[in-house]
Every structure is written in structure tokens, then in C-alpha cells.
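K.L.:
The working numbering numbers the first residue of the sequence shown as 29 and each following residue consecutively.
All C-beta atoms in this analysis are idealised placements derived from N, C-alpha and C, irrespective of residue type, glycine included.
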Amino acid sequence: MNIRFNLNGEDVDLEVAVNKSLLTVLRANGIFGVKHGCESGECGVCTVLIDGVPMNTCVMLAAQTDGRTITTIEGVGGEQMRGWKGSEPLHALQTAFVETGAIQCGYCTPAMILAAKSLLDHEDSPSEAQVREALTGVLCRCTGYLKPVQAILRAAAMLRGEEVPPVFEEGAVPAPPGLFEPRPDRDEQPADSARGDGGTMLKTTPMPVMVVAEEEKPRDHVGKPEPKVDALKLVQGHPAFTDDIEMRGMLVGKLLLSPHAHALIKNIDASKARALEGVHAVLTYKDIPRVAYTTAGQSHPEPGPHDNFSLDNHLRYVGDRVAAVAAENEQIAQQALDLIEVEYEILPALLDARDSMKPGAPILHDEPESWRIEDPQRNLAAVIDWELGNCEEAFKTADYVFEETYYSPKVQQTPLEPHVVVTWFDENDRLIIRTSTQVPFHVRRILAPVLGLPEKRIRVIKPRIGGGFGVKQEVLIEDICAHLTIVTGRPVRMEYSRAEEFAASRTRHNMYLTLKTGVMKDGMIVANALYNLSDTGASGTHAMTVAGNTGHKAMALYNAPNIKYHADIVYTNKVPSGAYRGYGVPQGFWAVETHMERIAHTLGLDPIEFRLKNAIKAGDEHPVSKIWSEGREGSAEYINTCGLPECVERGSEAIRWEDRYGNETWHSVPGKPHLRRGIGVAMVMQGTAIPNLDMGAASIKMNDDGSFNLLVGATDLGTGSDTVLTQMAAEVLGAPPEDFITYSSDTDFTPFDKGAYASSTTYISGTATVKAAQEVAKQIKEVAARMIGKQGDPVTPDDLTLRDRSAWAPDGRSVTLRDVALNSLHAEAQHQIMAVGSYVSPESPPPFAAQFATVTVDTQTGQVVVDDLVMAVDSGVIINPMTASGQIEGGMVQAAGYGVCEELAVDDTGQIVNPRFGPYWIYRSDDVPRLTTIFVETYEESGPFGAKAVAEIPLDGAGPAIANAVYDAVGVQIKDAPLYPEKIWRALQASSASQP
Ligand code: FES
């Protein structure tokens, strides 16, 4: 049918199919600012304004827009975007989003801005609650919503013509209580099963509280809240993501997924599908070579089981691959899938890890091709076993022994951008894989044998990524899309639906964790033993290394003389577990930190003093370092820096621990006896990269105008790593970040990097960048010394400093970087000023943090409302406080999710019962807790500019801190996350029934 509508101010006349969604039609017409995140109108990243009202385009037919006015992000702000020279052409909302660091991956940003625009168009002075309400229809997995809300309030002030405070003023260090100012008339208003905005007023500047390291020197770019280098394109919705391209002749790839948890394909007949007009290929296990590989994107040689096949006749979970189709369009591809006839032999399914090793349990991986499986006959993907000292002997002499089993659930990473890949052959018959991945170099290396192509015939391009959180550290759908391109010779695009993302990607490993701890009367821990039964699902991807990290980090914080760790990582007929931000450590600390609370509570010890008394300190040997490292024997590492005590001090102040802990008045809510308030703490540590294994590299090339190309293999998945690496290079080379053209990553053009995982980019890729920049600086100074020497007395390169886009001699003579570049490229001793830096670290200095939470519990329903999350973090020197605090805020909210409301549940047939954003609840803008971030800097000598990692540690503490706050509020301890109301209600009933 023909429709006419106004799109961003221009009348459009279109012929559309009646069944096409508006999302499909807009993207097909090059409006890439509107994104796909789900198909049910629940995530909101496809939001546009229809006659000024935010609407989800994935659930709206294009035909419904006839005669309407549509505004997309492309219609917000001026039209002269590509000639952008300042902030004028941007809408105030776009400017504020850039200034406040409200953009991380940027996938939700266009929708957020449109939703906010709709609010500000009719409300010029909105409250924080109104802003949060306006954003409820748009989910964001990265930011925790704090900075977007700040940005919108800031934009509102700008639009009212008010002067807004600068985001950052030199010398101004925000002090506790942090980002929130008390609202005297409303302070201490009780929450009543909804947080509301009572008691605080949000500041519109995004800087966290900073306690600056004494060793830190004044710097020009490092330590400053520089805007993200990719912010402008993201805030305008430019086509930056994997799927934001058009290619002539591109086919649509789709998968037929198993409806059974465990089955064999007895017969499969694809003839009708192949005969369908518009179908170009149908692949089953009979059509491609059977190559066992791992989907885990890890360095060579990957240490885990190689138990995955592109297609197999043995189906091991609901969502496993049965067949793949490439067709002219989505509709034909779906019809083809429906025409594939499959006869299944249904096998008994294993749905609980506690059954996996039992005699007679169904065997999941008895195929001869798979390798590096610990014991296939017992469904044992991997085993870890180590001990320091002798725990059993120590338990005999301990005054008290505590033993409990805890459970950490299966949760999904849920990046708003699903897995998406486009593959094609270029003019040289090389296979191009454009993919949303955290590990482009691992993708190329791992896929080469799977596809039967040499690595040199494969090029992997990583554009912007719409979030990953570990789930894109998998080689997940690149293989099957590439197979379809190889068979058809055509470009193929493949993207997961949201249901497929839940059912057929990866999750966090759910774990049963049994912790046994021996304690003396004085509160000293003498022995700590953890048994971890980890559920890797149907594939052993990351099986051993995730569980290894659980022991390596969570069992190292309390540095007892006897520590023991054993992990059995077993197969079940569930969607495979894999990498998820935190990589096993959140599960470990869920057990350790709820266990420590139980011990302190039972023995009447102060929970903070008890923890600090036993916690590892600067100068201590990392107890696990010499025993275990990614499945290999490690080497002794020492804790160079540990800011944990000061984190506790600063965090306690911010959460007002002294006023609240043990204060009955604060715990009760006047006039509401069914409500109880509680306060909790958890202390955590992580790692910074994998020592002696993972390598990163960067190259820097100087251009005629004195600008630089910074090429990094590192993968910015929204974290801001491109920005942070640019700041480091800028600091060394004395040029502002805007003089750098930063690009990541492409296996043809950027140097190798292991990718974005293990909290390593700032530390590893940062050191590589600094090394490259130092070599470039050396070359610049050689040329500059020669040029300056011609102006008078000779100078040596070592005499010069680089700053303000120039090289300076001590006597004030200078030459600009532009003149240096022109001289080197065109005039004298001509050569290209450029260098490559690489780095692999011999150590992994841990960041530390103290996480605090306050909650309100409804004792009649068991509902928990998380009121406050305060995290004080020692991540070494913070290179960019704005991007780093965004990491902490978003990470805390993700962690609160697994503590309170997230669980990917399966029924007794293995079907996922909540494969949508509606029933799989992640925090929205209006139910997220108040968030405060405090950075307590230490100066880590081994890191670039003193930095340690920041990305993963926020995932470790919020869950147990919330559980401990609930324990404090109502006196019952829930050992299995998440803290669903029903669990708390039942525990309260059981507790009151047991009272005399
Ligand atoms: Fe919102 Fe990434 S910035 S989903």
C-alpha cells in the first residue's frame, strides 16, 4: 500500500507491505538511528516520536503512520551535523548527553533523547521523578540511568536559558555526600515499596567523588572527564553499528532452533525449504564439515573444552541449532524454516547441575571429536582443585566452624544490541566478517579451521558495539553466517531476535557454592574452603576459567593461612553459560560476603571490623597467585596497592553507617510497622588483566597537520576505552584528544589485541598505547631538536617537552607539531613518524571496593526496595572520572539485578519461561536505586599513569550487600539469589513460626 507521512520535516511517499513494522521500513530507508532491541515493544530502543509522542516502532505497522509526523534522532538538532564545529548545531539534549557522559554504548541514546525531547517539549521544568518516568519506556543496560537523568535535567536548564555549571572545574573536587544533595524538607522520608525521589535532589553535574592519589601529578588530559571520542556520532544516531549498512544482494540468515532440551535428529528433510522461491541455501549437519571448536573468545590455546559444532545431529538444549537458512528476505527465511521436516528422538534431559554426575545421568558429550573435556562420561567439563595449607586440620582447631550452601542464579547479559553479523566476500575473495564482537582477533583465529579458510583470507571488522558485558566474548553466530556466505557467495546478515538472545546465546554460570570457614574467638579466620558446583549448560565455553576466577578472586580477599578450593563444572541441558562481566567473581562474593555476614552476626562481631581484620593488605602476597592462573600454574604476585580501608571509611561516611547500623529508630518506619529498613556492606576485589597471557597493541601515526591516527586492537564495547586510550596518548604527545583519529578495531588494519575482557583494556592496551606514544614522542623530538637548533643554540631531543601541540625547548623556543610533521614528511631526512607498542603484564594488580546498600523491606509481602547503593572503589588512578563512574553506576545496577530480580528460569522440560524483557526484569529508570560512586585513588606503579581496572568490580558487591541489608532489616538471611519477595516472605513466616 502507499503511505504518506512527514519524516523529520520532509514529506515522504512510500510503497510498503501492509505487514511491515515501522522499524523495518525506517531502517530499510536508511534511518539507522532507530534501533532493533526486541520485537515486543519492551526495550524501547526503537522509539521514535509520532506526532510528538514516543512510540515503539517494532510493534507498530508502517501503515499506521499514514498522514502522521515522525521524528527520529536524525531530525533532532541541526542539519549541518557533518560540519560540526561546536555545540550549536546539536539540540540541548544532545549537548548535555555528551557533556555529562550519559552515553556508553550509545545504542539506547537516540531513543532516550527522543523520549526526553517529548517530555521537554511540553514541560520545561521537570522534576527528577518526571524525567525518570519519561525514560521508563527505554531500557539501558550500561549507565544505571543516573547520567542520562542528569543530562536531561541539565538540558532542561539550558533550554530555559539558565547557566549550567561546568561539568568539571580545575581544582574543584566534589566531596561527600556525593552526587545527591539533601532536600531538607524531605530528607529521611520513608520509602514505601517504591523509591520515589524523596529526600534528595539530583545534581546535574556528573563527576563522582574523588579522593586523589598523593603521587598523582597535575596533568593536561589524564584524570580529566574528557567527552567520549565517539560521543558525537552516537548522540546523532549516525550509522555506526554492525547492522547500520546496506549491501546490494544481501540475504537474510535465520536459524531453526531445537524445541527439545535433549534430542537426536533421526531424520531431517530440507527439500521443501530448498525448493521455496527466494531461498538460496539450507544447511543441516549433513552439509558442512564437522569441526569441534570452542566458542570462547580466549587467547591461544583456549584452555576449555572444544565441544561445539556449527551444526550437529545431537541437540543439547532448547535453542540449540537444527538448521540454517539464507533467503531473499526475513519472511521467506521464516517460511523456509517452517518447511524443514525434522524427526527427533527425544532423550532424557539434565536440568539441574546436582544431577549431572550421578550414575545413570544422560551423557551430553559422548562424541569422539570433542576434546579437552575433563570426564565426558560424568558430564564433567572441567575440574579445579587447589589448596594452601591444610583446611581439614585447621577446622579441627578452630573455635567455630560455619558451613552453608549458597546459590547464584543463571542470568543473562542482555546487551540492548543483540548479536548481529554481516558476512561477504570482497573483491579479493576474502571473507569479511562485520560483527558485534568483543574479540575480533579471536574470532578470526577460531573460525579459520571451522570455515576451512586460512586466517589470511578472513578479515574481521568490529564497528561500534551496542553493549556486550561478556556475551560477545563468544564466537557465536559468525560461523553460521559465514557458512551461508561461503555456500551462496552472497552477503548474508544474521541477527538474533530477543527471544533467541535469551535462548541461544550465553548466560552467567549458575553455581551452588558451599563455604566452610573456621574462625577463632578473636575473629581471625584460620581456614576457608569453597566447593563450587558450576553449571556450564550444554557447552563448556569458559567453563574452567570462569570457575577458576571464582576461586582466584573471591577466595583471596580474606587471606587465611589455609584456603581450599574445588570446582566441578558440569554439563546440563540448558543454554550454555559463558563470560559475563565479573567472570565468576560475583558468584563467589555472593557466597563469601553473605557468609561473612552470617559469621559476624552469629558471633556478635562488627561486620566491618571483622572483615577488615581478615582482609588482604598492601604488601601481602596474593595467596592464590602462585597456585592458579587460567588453568596454569601462576607465579607469586604481591599486592602493591590496596585502598580498601579508605574505601570503607569513605563509603561508610556516604551511607551514614555509624548513624544507621544498630539504630532501631532508623530501622523502623514511623506509622508503617510493615516496613523495615536495613543497611548492608560487602567488600570485594577483582583482577586487572590476565598476567603473562593476554597481550594488547597499539599503533600511532603522525599526519601532515600534526594530528595522529591511533589504531588499537582493543575493543570499545561502550566502556569508553577508545577515549581513555586517546587521553593517554594525548598526555604523552602534548596534543588534545580531538587531534587523534582513534579507530578500533579491524584485523586487517589495527594491531593485535586480545579484546575487551578481564578488565584489561586500560591497563594492558593502555600501557601498549603509552609505549607507542613514547616512541612517537621520541621521533618527534628528534625532528624538533633539529628544527629548533636552527633557530639558535643546539638542543638535544631530551631537552624538549611536548605540550600545547608544540615541542618546547627550556629557553622557550618551540616548533609546532604540524611543522614537525611537514618537515619529516616533505623536507628533511624524510620518514613517517609512527610506532607500535605492545604489552603483556607479568602481574594483575587487584582493584578493591567497599559496597554499601540500604533497603526497605515490606514484611507483609517480602518485597525489597533497594534505596541506596554506594560504592567506594580503589581502581588506582582514574584516567577519566566521567567514564569510570559510568562504569560503576551501570555495573552496580546490573549487580543489583542478579541480587534482587533477575533469573533466567527454565521449566521442567527445559523451556525458558521468561525469554522477554517483560518477565525478565532488568532495572528501569524509575525503579533504580540512588547511586553514589567514590573513587579512592591509589597509585599503581605497574599501571599506565597509576591505573588499575574498573570495569568488572562493580558487579561483585551489590548483590551480597543488598542481601546483608535485608538480613539487617528483617533478621532472615536468604542464601539463594535473587531475593524474590516470595523467598523473603516464606523465610519470615518460617522464622515467626519458630519463635516460641
Ligand atoms: Fe544505554 Fe548502552 S548506553 S544500552
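Any heavy atom of ligand 3 inside 7 Å of the beta-carbon of residue 745?
P.N.:
Within the structure as shown, ligand 3 is missing, the only ligands being ligand 1.
K.L.:
What residues in its chain sit with their C-beta under 6 Å from that of residue 819, if we drop five residues either side in the sequence?
P.N.:
841, listed in sequence order.
K.L.:
Compare the Cα-Cα distances from residue 340 to each of 304, 331, 398 and report the closest residue.
P.N.:
Checking every option, the nearest Cα to that of residue 340 belongs to 398.
K.L.:
With a threshold of 8 Å, are at least 3 pairs of Cβ atoms found where one atom belongs to the stretch 604-623 and the other to the stretch 710-726?
P.N.:
Yes, they touch.
K.L.:
With a CB to CB cut of under 6 Å and the five nearest residues on each side skipped, what residues in its chain are close to residue 48?
P.N.:
The residues are 90.
K.L.:
For residue 702, which option in 531, 888, 548, 745 has the closest C-alpha, if you only look at C-alpha atoms?
P.N.:
The option with the nearest alpha carbon to residue 702 is 888.
K.L.:
Among 854, 722, 855, 829, which one has its Cα closest to the Cα of residue 843?
P.N.:
The candidate whose alpha carbon is nearest that of residue 843 is 829.
K.L.:
State buried or exposed for residue 2, treating a residue as buried only when at least 16 other CB atoms are found within 10 Å of its CB.
P.N.:
Absent from the model: residue 2. The displayed extent of the chain is 29 to 1024, so no value can be given.
K.L.:
With respect to 7 Å, is the separation between the Cβ of residue 131 and the closest non-hydrogen atom of ligand 1 below this value?
P.N.:
The answer is yes for residue 131.
K.L.:
I'd like the list of long-range same chain contacts for residue 1047, defined as Cβ closer than 7 Å, with 5 residues on each side in sequence excluded.
P.N.:
Examination of residue 1047 is not possible in this model, given that the chain is present from 29 through 1024 alone.
K.L.:
Does the distance from the C-beta atom of residue 988 to that of residue 622 stay below 8 Å?
P.N.:
Taking 8 Å as the Cβ cut-off, residue 988 and residue 622 qualify as a contacting pair.
K.L.:
Assuming the contact rule is C-beta atoms closer than 8 Å, residue 283 and residue 342 should be a hit. Round their C-beta distance to whole Å, please.
P.N.:
Between residue 342 and residue 283 the Cβ distance is about 16 Å, and since that is not below 8 Å, they are no contact.
K.L.:
Give me, in chain order, the residues of the same chain whose beta-carbon lies closer than 7 Å to that of residue 997; leave out the 5 immediate sequence neighbours on both sides.
P.N.:
So the list reads 695, 704, 705, 706, 883, 885, once near-sequence residues are dropped.
K.L.:
Compute the Euclidean distance between the alpha carbons of residue 44 and residue 53, then round it to the nearest angstrom.
P.N.:
If you take the alpha carbons of residue 44 and residue 53, they lie about 8 Å apart.
K.L.:
In terms of residue numbering, what span does the beta strand (DSSP E) encompassing residue 560 cover?
P.N.:
Start and end: 553-565.
K.L.:
Span of the beta strand (DSSP E) holding residue 730?
P.N.:
Unbroken beta strand (DSSP E) run through residue 730: 723-730.
K.L.:
Pick out the complete beta strand (DSSP E) segments inside the stretch 862-900, 3 residues or longer, and give them in chain order.
P.N.:
862-868, 876-886, all fully within the stretch 862-900.
K.L.:
Under a three-way DSSP split, which group does residue 279 fall into?
P.N.:
DSSP places residue 279 in strand when its eight states are reduced to three.
K.L.:
Determine whether the beta carbon atoms of residue 801 and residue 742 lie at a separation below 8 Å.
P.N.:
The answer is no: Cβ separation not under 8 Å.
K.L.:
When the Cα of residue 881 is compared with those of 994, 85, 326, which residue comes out closest?
P.N.:
The residue with the shortest Cα to Cα distance from residue 881 is 994.
K.L.:
May I have the straight-line CA-CA distance separating residue 768 from residue 56, to the nearest angstrom?
P.N.:
Each residue's alpha carbon lies about 33 Å from the other.
K.L.:
Is DSSP giving residue 981 helix, strand or coil here?
P.N.:
Three-state result, residue 981: coil.
K.L.:
Does the Cβ-Cβ distance between residue 426 and residue 555 come in under 8 Å?
P.N.:
Taking 8 Å as the Cβ cut-off, residue 426 and residue 555 qualify as a contacting pair.
K.L.:
Around the C-beta of residue 777, are 16 or more other C-beta atoms found within 10 angstroms, so that it is buried, or is it exposed?
P.N.:
It counts as exposed.
K.L.:
Using three-state DSSP, classify residue 824 as helix, strand or coil.
P.N.:
Residue 824: coil per DSSP, three-state reduction.
K.L.:
With H, G and I counted as helix, E and B as strand and the rest as coil, what does DSSP make of residue 459?
P.N.:
Three-state DSSP puts residue 459 in a strand.
K.L.:
Classify residue 858 as buried or exposed, calling it buried when 16 or more other Cβ atoms lie within 10 Å of its own Cβ.
P.N.:
That one is exposed.
K.L.:
Leaving out the 5 sequence neighbours to the left and right, which residues in its chain are closer than 7 Å to residue 442 when beta-carbon positions are compared?
P.N.:
Excluding positions up to five away in sequence, the list reads 169, 950.
K.L.:
Go ahead and pull the three-state DSSP assignment for residue 310.
P.N.:
If DSSP states are grouped into helix, strand and coil, residue 310 belongs with the strands.
K.L.:
Since residue 130 and residue 92 are thought to touch, with beta carbons under 8 Å apart, how far apart are those beta carbons, to the nearest angstrom?
P.N.:
About 31 Å; that fails the 8 Å criterion.
K.L.:
I'd like the span of the beta strand (DSSP E) that includes residue 451, first residue to last.
P.N.:
Run containing residue 451: 448-453, per the beta strand (DSSP E) assignment.
K.L.:
Count the other CB atoms, across all protein chains shown, that sit within 10 Å of the CB of residue 451; report buried if there are 16 or more and exposed otherwise.
P.N.:
The residue in question, residue 451, is buried, as its Cβ has 16 or more Cβ neighbours within 10 Å.
K.L.:
Who are the Cβ neighbours of residue 274 in its own chain at under 8 Å, not counting the five residues just before and after it?
P.N.:
Taken in chain order, the residues that qualify are 58.
K.L.:
Are the beta-carbon atoms belonging to residue 71 and residue 444 less than 8 Å from one another?
P.N.:
Cβ distance < 8 Å, so residue 71 and residue 444 count as in contact.
K.L.:
When you compare only the Cα positions, how much space is there between residue 1000 and residue 921?
P.N.:
Straight-line Cα distance between these residues: approximately 23 Å.
K.L.:
At what residues does the beta strand (DSSP E) containing residue 911 begin and finish?
P.N.:
No beta strand (DSSP E) contains residue 911, which is instead part of the alpha helix (DSSP H) from 909-928.
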